[in-house]
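Quick note: the sequence shown uses UniProt numbering, first residue 1, plus one each step. These notes are about the structure you will find just below.
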Amino acid sequence: MTATTLSKPSVRRTTTGRRSCSARVASVMARPSPPLWLGIITAAVLILAETTLVEQLERVGPGMIFGAVYLLGVLVISYGWGLGLAVTTTVLSAAVYLEVHLAADHGLLPANPQNLIAVAVFVPTALLANVLGAQARSRAAEARRAAMQVNELAHRQSALRRVATLVARGVSADQIFTAVADEVANALGVGNATLLRYLGIGAAEIVAAHDEGPNSMPVGARLTLEGDNVAALVQRTGTAARMDSHAHATGSAAALIRQLGFVSGVGAPIVVDGRLWGTAIVGFARPEPPPPDTEERLNEFAELVATAIANAESRGELMASRARIVTAGDEARRRIERDLHDGAQQRLVTLALRVRSLQASLPSDSDLGGQLADVGDGLAEACEELRQVSHGIHPAVLSQGGLQPALSALRRRAAMPVRLSVDVERRLPESVEVAAYYVVAEALTNAAKHARASEVTVDVSADNRLLRLSVTDDGVGGAGAGGGSGLIGLKDRVEALGGRIDITSRDHQGTTLSIEIPCAAT
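In structure tokens form, the structure reads like this:
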């Protein structure tokens, strides 16, 4: 058991070492060939060195047995410069070997037939080595190209996955635009990537840009797309487009492109819900045309941008719809409260006054007078109950005086002591004030009815950006926005205004509601 356990790691290390060695050899063999002139010089030097070495070796043995020395040079040339120069080196090596070491004094052919056999063995062996070396080099080059393609694909998919993750997380469109520009430039290996939003025929706005040079695309700038440029081509055709040269292109956009140092460019359309929203463009500073697959690769990112824009627009429309519903509900509440106050409540007050007047006209000991007194008392109680109902539907004091007096009124009516702090120096949008009021009202009701709290603390503050509200009680805790709780409606109201509500409520540790609402909400 012990021997087996110890032997396995050594086998794995040997295999890994062999693979690593093979990979290094393949990598070296797949490298581009050095210049041909350097190969010719190298071949000449090798043949000269091999000839000198064989001359020295002939002092200890016959020259015919040292022909293999010339194979070393042939293999080096085959390894470094390929089959063509290797065959030439083989022929030259055989000629030098034959002439210098094996030839007779009176001619080119060797006097000894055994020497001729040595040449006949050397040439085919060298040629076979050349062919095998060329095949190995070709396969290594193919393996290297395949590995580069796999790495490039993995790199591109990683970039796409990072952008897709941002889209799935629902981050803002501006963050998506910036991330896409950076990832496109990184994935395509370019120094410039720009996202444009079309503003109509012949106009566009730069919404994001990635630039690595000294000059950069001005984000937020508006461009006119007259003349020749990639953005105009994409807008006209609705498909991917390219320009291999802007040297003679006309128009202000083309002039800006030349000023920034870009020679060529490729653009892909961003189509959102069937309409052409904008385009993603990459610029190339090198004189060579962009790779032929640039449009396909750019389209993949453009589709993700389109998805992000569609999601953002859908979210915006949903938020606007929810805000309109909340506003419409508040308007209806205010209208009902006004109708009750100006209609039914005033009629009850008038009837109560008439009853009191009739009662006063009767003798004090009259039975009818006592009945009218009861009716008057009932009308007064009904009027007060109606006032409380109308106040619950929509507090008039909130519309008239703002948060400070409205929350103070809630504190006075609360069933437990309330410590109130309001740091709001200006009137906020009505929908924000109404939301804050109902949050406090619901929290006070829950603290009295469910939490059995002995004290509640309310803190309200606002700046130019956010209203912050915190309501804390010392009750039994365990509250949550579920199970029919009134907090569900509050959560919907706050989120409809673009805010958020956090509930912290542990058993026997009280409950805290923390709310933030943008002050620009309407």
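Every residue gets a Cβ at the ideal spot worked out from N, C-alpha and C, and that includes glycine.
Between the CA atoms of T504 and H450 - distance to the nearest angstrom: On the sequence shown, position 450 is the one that residue 450 refers to. On the sequence shown, position 504 is the one that residue 504 refers to. Rounded to whole angstroms, H450 to T504 spans 15 Å at the Cα level.
Helix, strand or coil at M217 [DSSP, three-state]: Reading the sequence shown from its first residue, position 217 is the one you call residue 217. DSSP places M217 in coil when its eight states are reduced to three.
DSSP state of N299 mapped onto helix, strand, coil: If you number the sequence shown from 1, residue 299 lands on position 299. In the structure shown, N299 sits in a helix (DSSP, three-state: H, G or I).
Beta-carbon proximity check, L276 vs A253, cutoff 8 Å: Working through the sequence shown from its first residue, we reach residue 276 at position 276. Working through the sequence shown from its first residue, we reach residue 253 at position 253. No, Cβ-Cβ distance for L276 and A253 is not below 8 Å.
Span separating the alpha-carbon of A479 from that of V234: Within the sequence shown, the letter at position 479 stands for residue 479. Within the sequence shown, the letter at position 234 stands for residue 234. Roughly 56 Å between the two C-alpha positions.
Selected residue, minimal CA-CA separation from N299, among T165, V100, V476, L160: Mapped onto the sequence shown, residue 299 falls at position 299. Checking every option, the nearest Cα to that of N299 belongs to L160.
Identified DSSP bridge partners for R197: Against the sequence shown, residue 197 aligns to sequence position 197. R197 is bridged to E205, G278.
CA nearest to the CA of R354, picked from G329, G376, T279, S366: One-based indexing of the sequence shown puts residue 354 at position 354. It is G376 whose Cα lies nearest to the Cα of R354.
Strand pairing of P291, partner residues [DSSP]: Reading the sequence shown from its first residue, position 291 is the one you call residue 291. Beta-bridge pairing links P291 to no other residue.
Distance, V69 Cα to V54 Cα: Position 54 of the sequence shown, counted from the first residue, corresponds to residue 54. Position 69 of the sequence shown, counted from the first residue, corresponds to residue 69. C-alpha separation (whole angstroms): 7 Å.
V460 - containing beta strand (DSSP E), residue span: Position 460 of the sequence shown, counted from the start, is the residue given in the question as residue 460. 456-462 is the span of the beta strand (DSSP E), which, as asked, contains V460.
Straight-line gap, L358 to L372 (C-alpha atoms, nearest Å): Within the sequence shown, residue 358 is the residue found at index 358, counting from 1. Within the sequence shown, residue 372 is the residue found at index 372, counting from 1. Distance between the alpha carbons of L358 and L372 is about 8 Å.
Neighbourhood of V418 by C-beta distance below 8 Å, restricted to the same chain and skipping five residues each side: As a working note, residue 418 is residue 418 in the sequence shown. Taken in chain order, the residues that qualify are L410, R411, L444, E455, V456, T457, V458.
Cα-Cα separation, L490 to P269: For the purposes of this step, residue 490 is identified with residue 490 of the sequence shown, where counting begins at 1. For the purposes of this step, residue 269 is identified with residue 269 of the sequence shown, where counting begins at 1. If I take the Cα positions, the gap works out to 42 Å.
The segment 239-247 / the segment 183-201 touching (three or more Cβ pairs under 8 Å): no
The alpha helix (DSSP H) enclosing L92, as first and last residue numbers: For this step, residue 92 is matched to residue 92 along the sequence shown. Element bounds for L92: 83-96.
Meets three-Cβ-pair contact criterion under 8 Å: the segment 319-335 and the segment 343-350: no
Coarse secondary structure for F177, derived from DSSP in three states: For the purposes of this step, residue 177 is taken as the residue at position 177 of the sequence shown. Helix, per DSSP.
Buried/exposed call for R297, threshold 16 Cβ in 10 Å: As a first step, residue 297 must be located in the sequence shown, where it is residue number 297. Result: buried.
DSSP bridge partner residues for L466 (one or two, in chain order): Within the sequence shown, the letter at position 466 stands for residue 466. Looking at the DSSP assignment, L466 forms a beta bridge with P518.
Residue burial classification, W81 (beta-carbon count within 10 angstroms, cutoff 16): In the sequence shown, the residue the question calls residue 81 occupies position 81. With 16 or more other Cβ atoms within 10 Å, it is buried.
Same chain, Cβ closer than 7 Å to C383, neighbours up to 5 away in sequence not counted: Here residue 383 refers to the residue found at position 383 when the sequence shown is read from its first residue. Closer than 7 Å at Cβ, skipping near neighbours: Q345, L348, V349, A352.
CA-to-CA distance, R468 to G401, given in whole angstroms: Taking the first residue of the sequence shown as position 1, residue 401 is located at position 401. Taking the first residue of the sequence shown as position 1, residue 468 is located at position 468. Those two C-alpha atoms are separated by around 19 Å.
C-alpha gap between T327 and R493, whole angstroms: In the sequence shown, residue 327 corresponds to position 327, counting from 1. In the sequence shown, residue 493 corresponds to position 493, counting from 1. T327 and R493: Cα-Cα distance of roughly 10 Å.
Member of A136, L71, A143 whose CA lies at the smallest distance from the CA of T125: Working through the sequence shown from its first residue, we reach residue 125 at position 125. Of A136, L71, A143, the residue nearest in Cα terms is L71.
M217, buried or exposed, once every other Cβ within 10 Å from all chains shown has been counted against 16: To locate residue 217, count along the sequence shown from 1; it is residue 217. By the neighbour-count rule (16 or more Cβ atoms within 10 Å), M217 is buried.
In DSSP terms, what M243 is bridged to: Start at 1 with the first residue of the sequence shown, and residue 243 comes out as number 243. Its beta-bridge partners are G265.
Inter-stretch contact (C-beta, 8 Å, three-pair minimum) for the segment 205-216 and the segment 329-338: no
Under 8 Å between C-beta atoms of L199 and R169: Taking the sequence shown and counting its residues from 1, the one referred to as residue 199 is at position 199. Taking the sequence shown and counting its residues from 1, the one referred to as residue 169 is at position 169. Not in contact: L199 and R169 (Cβ atoms no closer than 8 Å).
Whether N130 touches V76 by CB criterion (8 Å): Within the sequence shown, numbered from 1, the residue matching residue 130 stands at position 130. Within the sequence shown, numbered from 1, the residue matching residue 76 stands at position 76. No, the pair does not count as a contact, with Cβ atoms beyond the cut-off.
Rounded Cβ spacing between S78 and I47 (contact assumed at less than 8 Å): As a working note, residue 78 is residue 78 in the sequence shown. As a working note, residue 47 is residue 47 in the sequence shown. Actually they do not touch by this definition, with Cβ atoms about 14 Å apart.
Reference T178, options R258, I40, S138, V219, closest by Cα: If you number the sequence shown from 1, residue 178 lands on position 178. Among R258, I40, S138, V219, the Cα nearest to that of T178 belongs to V219.
Contacting residues, own chain, Cβ-Cβ under 8 Å from A380 (five flanking each side not counted): Position 380 of the sequence shown holds residue 380. For A380, where only same-chain residues beyond five positions count, the Cβ hits under 8 Å are A352.
8 Å Cβ cutoff met for V476 and R506: Working through the sequence shown from its first residue, we reach residue 476 at position 476. Working through the sequence shown from its first residue, we reach residue 506 at position 506. Going by C-beta atoms, V476 is not nearer than 8 Å to R506.
Cβ-Cβ distance between P442 and L487 below 8 Å: The count along the sequence shown starts at 1 and reaches residue 442 at position 442. The count along the sequence shown starts at 1 and reaches residue 487 at position 487. One detail in the question is off: residue 442 reads as Glu in this sequence, not Pro. The answer is yes: Cβ separation under 8 Å.
Residues bridged to R500 (per DSSP): For this step, residue 500 is matched to residue 500 along the sequence shown. Looking at the DSSP assignment, R500 forms a beta bridge with E516.
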